[in-house]
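Report on the following structure.
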DNA sequence: TCCTGTGCTACAATAAGCGTAGCAGGCATG
DNA sequence: CATGCCTGCTACGCTTATTGTAGCACAGGA
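Protein chains in written order, with the numbering used here: chain A, 1 to 114; chain B, 115 to 228.
Listed below in structure tokens is the structure:
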């Protein structure tokens, strides 16, 4: 880790001090459940509890933490009516790695997971 | 986390028991330094120490762990001569989120990181 | 009021990550 | 052989992140 989180300004993103946006983004996405959350929100808004179910009953502690970070980053927003959903730029992010889905299939075929 | 890591067969990938390749992939990529490592290997092979420098002097413990996982997943290989580099399918993975670079720039402009 | 669902949080325990230091092996040079 | 330097890799003690369980306050509907 570039810097201890506790040394950052509240809500900062590790790697951002490098001035390289890609580092900050990779760091943000490289935290547990972040990618998964974005993935689960790919086609519909979800309430926090529905999201938790979708994420295999992950701990609400981390989920809330990730949701805060994602909202802070402007990638996810909370609508009182329908729950959490991707923002416009959040959807753009999703689209950049939608091909990942097809890749995953190809990859798992040549890769003995268990 | 779907299951405690210690409950998995050695070298398994969390999420793989769901039968959904994308989950296993998202989980693999959603560990610290994994995305960054792939990124740093995008255009050249690196020795473990060079990779460590590139990754802002990250702890060798985690780096080695990630490299093992990535090799296990067939995305990275170690060449005695030149060091670590992406495999063919590893490069394909990289290409699926190369657009991330451009996205990161766009994203950071509308996002006050610090 | 009572029930249900929402977003969210406390808290203790476990697991992951970190930083320092150092290992064995290969391979050149003296 | 001895010395030095580089490689991949690991031990270990400490800090941080994540987990799991439980529960909060609030809002709406019956």
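Note that beta-carbon positions come from the ideal geometry of N, C-alpha and C, so glycine has one too.
(request) Examine chain B for any beta-carbon lying closer than 9 Å to the beta-carbon of residue 104 of chain A, and answer yes or no. (result) With 9 Å as the cut-off, residue 104 of chain A counts as an interface residue toward chain B.
(request) Quick one: list the residues of chain A neighbouring residue 206 of chain B, beta-carbon separation under 7 Å, in chain order. (result) Under the 7 Å cutoff, chain A gives 103.
(request) Flag this pair as yes or no: are the beta carbons of residue 153 of chain B and residue 38 of chain A separated by less than 9 Å? (result) Not in contact: residue 153 of chain B and residue 38 of chain A (Cβ atoms no closer than 9 Å).
(message) Just to confirm, is the Cβ distance from residue 155 of chain B to residue 165 of chain B under 9 Å?
(response) Less than 9 Å divides the Cβ of residue 155 of chain B from the Cβ of residue 165 of chain B.
(request) Just grab the DSSP bridge partners of residue 77 of chain A for me. (result) For residue 77 of chain A, which the question treats as bridged, DSSP gives the partners A:85.
(request) Can you grab the Cα-Cα spacing for the pair residue 209 of chain B / residue 189 of chain B, in whole Å? (result) Pairing residue 209 of chain B with residue 189 of chain B, the inter-Cα distance amounts to about 12 Å.
(request) Kindly list, in the order they appear in chain A, the residues whose Cβ is closer than 7 Å to that of residue 175 of chain B. (result) When 7 Å is used as the limit between beta carbons, residue 175 of chain B is near no residue of chain A, the shortest such separation being about 12 Å.
(request) Kindly confirm or deny that the region 173-181 of chain B and the region 56-65 of chain A touch, where touching means at least three C-beta pairs closer than 8 Å. (result) No: the two stretches stay apart, fewer than three of their Cβ pairs being nearer than 8 Å.
(message) DSSP has residue 214 of chain B in a bridge; who is on the other side?
(response) None, per the DSSP bridge assignment.
(request) Buried or exposed for residue 110 of chain A, please, with buried defined as at least 16 other CB atoms from any protein chain shown within 10 angstroms of its CB. (result) Classification for residue 110 of chain A: exposed.
(message) Rounded to the nearest angstrom, what separates residue 229 of chain B and residue 149 of chain B at their Cα positions?
(response) There is no way to answer for residue 229 of chain B, as the model of chain B reaches only from 115 to 228.
(message) Using 9 Å as the threshold, is the C-beta distance between residue 44 of chain A and residue 85 of chain A below it?
(response) With contacts defined by Cβ atoms closer than 9 Å, residue 44 of chain A and residue 85 of chain A form a contacting pair.
(request) Below 7 Å CB to CB, which residues in the same chain sit around residue 10 of chain A once its five sequence neighbours on both sides are set aside? (result) Only weak support exists for where residue 10 of chain A lies, its pLDDT of 34 falling under 50; the value from the coordinates is given anyway. The same chain holds no residue with a CB closer than 7 Å to that of residue 10 of chain A once the five nearest residues on each side in sequence are set aside.
(message) Which residues does DSSP list as the beta-bridge partners of residue 46 of chain A?
(response) The partner list for residue 46 of chain A (beta bridge, DSSP) reads A:84.
(message) By the 7 Å beta-carbon criterion, what residues does the region 61-79 of chain A contribute toward chain B?
(response) Per Cβ criterion, the list reads 73 and 74.
(request) Give a yes or no on whether 9 Å exceeds the smallest Cβ distance from residue 196 of chain B to chain A. (result) The C-beta of residue 196 of chain B comes no closer than 9 Å to any C-beta of chain A.
(request) Identify whether residue 225 of chain B lies in helix, strand or coil by the three-state DSSP scheme. (result) DSSP places residue 225 of chain B in the coil class of the three-state scheme, outside both helix and strand.
(request) Report the residues of the region 135-164 of chain B with a CB closer than 8 Å to any CB of chain A, ordered along the chain. (result) Within the region 135-164 of chain B, the residues whose Cβ lies closer than 8 Å to any Cβ of chain A are, in chain order, 135, 136, 137, 138, 139, 140, 141, 143, 144, 145, 146, 147, 148, 149, 150 and 153.
(message) Could you give the first and the last residue of the continuous alpha helix (DSSP H) run that contains residue 33 of chain A?
(response) Where residue 33 of chain A is concerned, there is no enclosing alpha helix (DSSP H), because DSSP gives it neither an H nor an E.
(message) I'd like to know if residue 53 of chain A contacts chain B, where contact means its C-beta is closer than 9 Å to some C-beta of that chain.
(response) So, not an interface residue.
(request) Give every residue of the same chain whose Cβ lies closer than 6 Å to the Cβ of residue 184 of chain B, excluding the five residues on either side of it in the sequence, and list them in chain order. (result) Closer than 6 Å at Cβ, skipping near neighbours: 190.
(message) Any beta carbon of chain A sitting closer than 9 Å to that of residue 214 of chain B?
(response) Yes, contact with chain A.
(request) Measure from the alpha carbon of residue 175 of chain B to the alpha carbon of each residue in B:168, B:186, B:162 and B:187, then state which is nearest. (result) That would be B:162, whose Cα lies nearest to the Cα of residue 175 of chain B.
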